[in-house]
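To start, the structure under review is shown below, and the notes come after it.
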Amino acid sequence: MPELPLVYVIVLTWNGKDDTLECLKSLQQVTYSNVRLLLVDNASTDRTVEAAKERFPGVEVISNQSNLRFAGGNNIGIRYALDRGAEYVLLLNNDTVVDGDFLMQLVHAAEKERAIGMVGPKIYYYDDQRQIWFAGGKIEWWKGWVSHIGIREPDHGQHDAIKEVDYLTGCCILAKREMVEKVGMLDESYYIYGEDTDWCVRAARAGYKLLYAPSSVIWHKLSVSTGGHSSWYKNWNKLKSQLRLMARYAKPYHWMTIPVWMPIKILQGFLEVKRAS
C-alpha cells in the first residue's frame, strides 16, 4: 500500500495561547498518519510558544521576531514545509477545533484529480456546533462582493455535496505543493483579510480547481485576534481588502455595477450580523 502524502499542518498564532493549545490538542486526535504539526508564532507575548512546547513536544515551532500578520507568518511556514518535502500544506487558524478525520477527508478529495489545487472543509461555529459558518465561498464580481455559502444556516444536510467553489477560506485550506510552486504563496501586500481569496483567484486562473469537501469538518471561534465578528477593526480592514481584490481582478465592465451593489451588500451584511447577535 503506497504511503500517504506528507502533509504539514501550519497553525499560525499571535497572543492566543488558550485557543492555540485547544487547537493543538484536537490535532493530536487526527487519524491521518503522515502528518507533521508546525506552530508559527508571530512574536506572541503571552508565552504561547513555551506552553505549546511543554504540552506538545512533538510540534515543530517557528518563532518570528515580529508580527508578520497572516500572509507573512503563513508564508514562513509554507517555505519551511516545502523545504522538508511536504506534498501538501494545510493552513489552519489557531482558534479552531478539528474533527479527527478532517485531514484524511481533505487529502482524499484532493487526490481524486491532479487539477485540484486546494480543498476546504465544512466549518461550523464553535459556539453553535451545528450552525454553518462556511460551506464554500462565492465571488460576485458584478457586486464586488465575496461571501460564504451557507453562513448562519442550521445544518440540515443542504450543503453536503462536494463541489467546486470560487474560493476557500484561509481559516482552513489544504494546498497542493504543485499548485503552490506554480502560483506562488500568499500576497503579503494585503494588511489583513483578502490574502486567501487572492490566492484562490490566482490558483483558479492558473487552471486549478478549488474544492469544498463537506465530509471534512472543523469548528471555528470567530475573529478572536481582531476583536470579534462584528468589530469595527475587522470589518473596516475586510472592506479595504475586498476593494483591493476587486481593483486587482474585476473587469472594467464590473465597475459599472460595483459602486451600486457594494454599499447594499455592506448594509445587508451589517443587518445580518446584528440580527444574529
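1168 is the number of the first residue of the sequence shown in our numbering; add one for each residue after it.
Cβ atoms here follow ideal geometry from the backbone N, Cα and C, with glycine treated the same way.
- Taken in chain order, the whole beta strand (DSSP E) runs of length 3 or more contained in the segment 1199 to 1275 are 1202 to 1208, 1227 to 1230, 1255 to 1260, 1263 to 1265.
- Here isoleucine 1290 is bridged, per DSSP, to Phe1301, Ile1385.
- Linking isoleucine 1385 to tyrosine 1360 through their CA atoms gives a straight-line distance of about 20 Å.
- Excluding residues up to 5 positions away in sequence, Tyr1357, Gly1361 lie with their Cβ nearer than 7 Å to the Cβ of arginine 1411 in the same chain.
- Spanning the alpha carbons of methionine 1346 and lysine 1376 requires a straight line of approximately 10 Å.
- In the three-state reduction of the DSSP assignment, glutamate 1189 falls in the helix class, which pools H, G and I.
- Comparing alpha-carbon positions, the option among Met1285, Val1265, Asp1266 lying closest to valine 1274 turns out to be Met1285.
- In this structure isoleucine 1243 touches isoleucine 1229 by the C-beta definition: roughly 6 Å separates them, less than 8 Å.
- Contact between leucine 1341 and cysteine 1367 fails: their C-beta atoms lie close to 12 Å from each other, not under 8 Å.
- In the assembly as shown, tyrosine 1291 is a buried residue. Its beta-carbon has 16 or more other beta-carbons within 10 Å.
- Tyrosine 1360 sits in coil when the DSSP states are folded into three classes, being neither helix nor strand.
- Residue range 1344 to 1350 is occupied by the alpha helix (DSSP H) that includes lysine 1349, with no beta strand (DSSP E) assigned at that position.
- In this structure leucine 1179 is in contact with asparagine 1241, their Cβ atoms being roughly 5 Å apart against a cut-off of 8 Å.
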